[in-house]
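Going down the list, the sequences are from chains A and B.
In our numbering, each residue carries its 1-based index in the first sequence increased by 47.
In our numbering, each residue carries its 1-based index in the second sequence increased by 47.
Cβ atoms here follow ideal geometry from the backbone N, Cα and C, with glycine treated the same way.
Shown next, in structure tokens, is the structure this report addresses.
2 protein chains.
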Amino acid sequence: MPHIQLNNDAPGIRSLVLYRPDTGKPLYELAQALLRAGSPDSTLSDAERELIAAVVSSQNCTDFCLNSHAAASRFLFGRQADLVDQTLQDPETAPISSRLRALLAIARCVAADARTVTNELVEAARQEGATDGDIHDTVLIAAAFCMFNRYVDGLATLTPDDPAAYAAMGERMGTLGYTLPKPN
Amino acid sequence: MPHIQLNNDAPGIRSLVLYRPDTGKPLYELAQALLRAGSPDSTLSDAERELIAAVVSSQNCTDFCLNSHAAASRFLFGRQADLVDQTLQDPETAPISSRLRALLAIARCVAADARTVTNELVEAARQEGATDGDIHDTVLIAAAFCMFNRYVDGLATLTPDDPAAYAAMGERMGTLGYTLPKPN
Numbered sequence: 048m049p050h051i052q053l054n055n056d057a058p059g060i061r062s063l064v065l066y067r068p069d070t071g072k073p074l075y076e077l078a079q080a081l082l083r084a085g086s087p088d089s090t091l092s093d094a095e096r097e098l099i100a101a102v103v104s105s106q107n108c109t110d111f112c113l114n115s116h117a118a119a120s121r122f123l124f125g126r127q128a129d130l131v132d133q134t135l136q137d138p139e140t141a142p143i144s145s146r147l148r149a150l151l152a153i154a155r156c157v158a159a160d161a162r163t164v165t166n167e168l169v170e171a172a173r174q175e176g177a178t179d180g181d182i183h184d185t186v187l188i189a190a191a192f193c194m195f196n197r198y199v200d201g202l203a204t205l206t207p208d209d210p211a212a213y214a215a216m217g218e219r220m221g222t223l224g225y226t227l228p229k230p231n
Numbered sequence: 048m049p050h051i052q053l054n055n056d057a058p059g060i061r062s063l064v065l066y067r068p069d070t071g072k073p074l075y076e077l078a079q080a081l082l083r084a085g086s087p088d089s090t091l092s093d094a095e096r097e098l099i100a101a102v103v104s105s106q107n108c109t110d111f112c113l114n115s116h117a118a119a120s121r122f123l124f125g126r127q128a129d130l131v132d133q134t135l136q137d138p139e140t141a142p143i144s145s146r147l148r149a150l151l152a153i154a155r156c157v158a159a160d161a162r163t164v165t166n167e168l169v170e171a172a173r174q175e176g177a178t179d180g181d182i183h184d185t186v187l188i189a190a191a192f193c194m195f196n197r198y199v200d201g202l203a204t205l206t207p208d209d210p211a212a213y214a215a216m217g218e219r220m221g222t223l224g225y226t227l228p229k230p231n
């Protein structure tokens, strides 16, 4: 049961943006700018951006965001979808690029305590080909999911149990991106 | 030294929104919606909203956000400005309303681990007169500052030392709200 009367039965973040479109609009615009458009000099694919969001949501134990963004990442990776679960299990050994692995190490520090992002971690990502845009977008995706996760959990929004519900969400997110849901 | 080339010498979040106006725009719109406009049924003043932001930034040890939002809160509290430092020192004993004290307890749980926001904490805030809008806005302000704090710290943006710099920022934030800075 959500902590406040949301007047809709949508799950997770969708129930909150339907309840409060004034804050929902900039939240979805931020998600679209970060998870789809990205920095002009960024090399991160949409599938990789969704994977960073899923890894941070896993670290914060927010099942709704973890399951929905993992599903979006699987949809966008297509034939390489197995990378998502391999990375969620262990980003150090998953068969992802060294560049993405170095960026995920930064993302995990941002989520734990952003003051622990050292020059060495940033330099290691650059050595693997990460651009300033990649580093910026990684830090802000990780920071933004520390917000989304807390917003969804702090108000105790609905978290579906059915994996099929997330697969449908992931396909919608992968196809349409982040557009405000319409009230029923 | 910031971790990436921001091409400006503004401090904190301002350097980041100048560097990336595409993400800066929704971030400032979110701040304006949360710290100024608020929910239609909310009883929180702008000074109280800034104080919630300062308390969370203090918990996350992000000096730039702590000092600037504390300064905005002092400016907006006017003759009651001492409440800000009393609350930052100890929210349990500061001479603030019981309603704000109960909401700050929720905000601190959101920042630490949002899954610890219990029905009891929410009910305690309601008993002190908090509305659904107050609870929503408190949770989202706390969550949003977990993002802003991590964005500012994760990229190692400039943090001025001079208290006068923050007093000027606080007056500007208290007067103009959150509008994107113009490039020099």
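Exercise. Just by C-beta distance, which residues in the region 100–134 of chain A are closer than 9 Å to chain B?
Worked result: Hits within the stretch, in order: ASN107, CYS108, THR109.
For this session: For A/ARG83, name the three-state secondary structure that DSSP assigns.
Result: One-based indexing of the first sequence puts residue 83 of chain A at position 36. The answer is helix: DSSP assigns A/ARG83 an H, G or I state.
Exercise. Where do the ends of the alpha helix (DSSP H) carrying B/SER145 lie?
Worked result: Your numbering for residue 145 of chain B matches position 98 in the second sequence. DSSP places B/SER145 inside the alpha helix (DSSP H), whose first and last residues are 145–160.
Problem set entry | Within chain B, the residues that A/PRO73 reaches when beta carbons sit closer than 7 Å | On the first sequence, position 26 is the one that residue 73 of chain A refers to. Identification of chain B residues near A/PRO73 by a Cβ-Cβ cut-off of 7 Å yields PRO73, GLU76, LEU77, ALA80, ordered along the chain.
Exercise. Cβ of A/VAL64 less than 8 Å from any chain B Cβ?
Worked result: Numbered from 1 along the first sequence, position 17 holds the residue referred to as residue 64 of chain A. Residue-level contact check: A/VAL64 does not touch chain B, since none of the beta carbons of chain B fall below 8 Å from its beta carbon.
Exercise. Excluding sequence positions up to five away, which residues of its chain have a Cβ less than 6 Å from the Cβ of B/ASP209?
Worked result: As a working note, residue 209 of chain B is residue 162 in the second sequence. For B/ASP209, where only same-chain residues beyond five positions count, there are no Cβ hits under 6 Å.
For this session: Determine the closest residue to A/MET216 out of A/LEU74, A/ALA117, A/CYS108, with distance taken between C-alpha atoms.
Result: Looking up residue 216 of chain A in the first sequence gives position 169. Residue nearest to A/MET216 within the set A/LEU74, A/ALA117, A/CYS108 is A/ALA117 (criterion: CA-CA distance).
Exercise. If you check the beta carbons only, do B/PRO49 and B/LEU205 fall under 8 Å apart?
Worked result: Within the second sequence, residue 49 of chain B is the residue found at index 2, counting from 1. Within the second sequence, residue 205 of chain B is the residue found at index 158, counting from 1. A contact, by the Cβ cut-off of 8 Å.
Exercise. A/LEU113 and A/SER120: beta carbons closer than 8 Å?
Worked result: What you label residue 113 of chain A is simply residue 66 of the first sequence in a count that begins at 1. What you label residue 120 of chain A is simply residue 73 of the first sequence in a count that begins at 1. No, Cβ-Cβ distance for A/LEU113 and A/SER120 is not below 8 Å.
Exercise. So, using beta-carbon positions, are B/ARG67 and B/GLY85 closer together than 8 Å?
Worked result: Start at 1 with the first residue of the second sequence, and residue 67 of chain B comes out as number 20. Start at 1 with the first residue of the second sequence, and residue 85 of chain B comes out as number 38. Annotated as distal: B/ARG67 and B/GLY85, with beta-carbon spacing of 8 Å or more.
Exercise. Could you give the distance in angstroms between the alpha-carbon of A/ALA159 and the alpha-carbon of B/ILE51?
Worked result: Against the first sequence, residue 159 of chain A aligns to sequence position 112. Against the second sequence, residue 51 of chain B aligns to sequence position 4. When only Cα atoms are considered, A/ALA159 and B/ILE51 end up about 20 Å apart.
Problem set entry | Interface positions of the region 196–212 of chain A facing chain B (Cβ-Cβ less than 9 Å), listed along the chain | Taken in chain order, the members of the region 196–212 of chain A whose beta-carbon sits within less than 9 Å of a beta-carbon on chain B are ASN196, ARG197, TYR198, VAL199, ASP200, GLY201, LEU202, ALA203.
Exercise. What are the start and end residues of the alpha helix (DSSP H) that includes B/LEU65?
Worked result: Residue numbering aside, residue 65 of chain B sits at position 18 when the second sequence is read from its first letter. Per DSSP, B/LEU65 belongs to the alpha helix (DSSP H) from 59–66.
Problem set entry | Residue-level contact to chain A via CB, B/ILE51, 8 Å cutoff | Residue mapping note: residue 51 of chain B aligns to position 4 of the second sequence, counting from 1. Output row for B/ILE51: interface = yes.
Exercise. Leaving out the 5 sequence neighbours to the left and right, which residues in its chain are closer than 6 Å to A/ALA78 when beta-carbon positions are compared?
Worked result: Here residue 78 of chain A refers to the residue found at position 31 of the first sequence. Here the set comprises TYR225.
Exercise. Would DSSP call B/ASP93 helix, strand or coil?
Worked result: As a working note, residue 93 of chain B is residue 46 in the second sequence. Reduced to three states, the DSSP call for B/ASP93 is helix.
For this session: Would you verify that the beta carbon of B/SER86 is, or is not, closer than 8 Å to some beta carbon of chain E?
Result: Reference to chain E is not applicable here, since the protein chains of this structure are A and B.
Exercise. Name the chain A residues that come within less than 7 Å of B/ALA191, Cβ to Cβ?
Worked result: For the purposes of this step, residue 191 of chain B is taken as residue 144 along the second sequence, with counting starting at 1. Ordered by position in chain A, the residues that pass the 7 Å Cβ test against B/ALA191 are MET194.
For this session: In the DSSP assignment, find the unbroken alpha helix (DSSP H) run with B/PRO207 in it and report its ends.
Result: The count along the second sequence starts at 1 and reaches residue 207 of chain B at position 160. It is not in any alpha helix (DSSP H) - B/PRO207 carries neither H nor E in the DSSP assignment.
Problem set entry | Assigned secondary structure, B/TYR225 (DSSP; H/G/I helix, E/B strand, else coil) | The sequence position of residue 225 of chain B within the second sequence is 178, counting from 1. Under the three-state reduction of DSSP output, B/TYR225 falls in the coil class, being neither helix nor strand.
Exercise. Using a Cβ cut-off of 7 Å, which residues of the region 172–188 of chain B contact any Cβ in chain A, in chain order?
Worked result: From the region 172–188 of chain B, only ASP179, ILE182, HIS183, VAL186, LEU187 have a Cβ closer than 7 Å to chain A.
Exercise. Under a Cβ-count criterion, where at least 16 other Cβ atoms within 10 Å of its own Cβ denotes burial, should B/ALA94 be classed as buried or exposed?
Worked result: Position 47 of the second sequence, counted from the first residue, corresponds to residue 94 of chain B. Classification of B/ALA94: buried, given that the 10 Å Cβ count is 16 or more.
Exercise. Hey, does B/THR70 have any beta-carbon neighbour from chain A nearer than 8 Å?
Worked result: Against the second sequence, residue 70 of chain B aligns to sequence position 23. Yes, contact with chain A.
For this session: With a cut-off of 8 Å on the beta carbons, I'd call A/PHE195 and A/ILE99 a contact; round off their distance for me.
Result: Here residue 195 of chain A corresponds to residue number 148 of the first sequence, with the count starting at 1. Here residue 99 of chain A corresponds to residue number 52 of the first sequence, with the count starting at 1. Contact doesn't hold; Cβ gap of about 13 Å is too wide.
For this session: Could you tell me whether the Cβ of A/ALA94 comes closer than 8 Å to any Cβ of chain B?
Result: As a first step, residue 94 of chain A is located in the first sequence; it is residue number 47 there, counting from the start. Under the Cβ criterion of 8 Å, A/ALA94 is not counted among the residues facing chain B.
For this session: Name the residue from B/PHE192, B/ALA172, B/GLU167, B/ARG162 whose alpha carbon lies nearest to the alpha carbon of A/VAL199.
Result: Against the first sequence, residue 199 of chain A aligns to sequence position 152. Residue nearest to A/VAL199 within the set B/PHE192, B/ALA172, B/GLU167, B/ARG162 is B/ARG162 (criterion: CA-CA distance).
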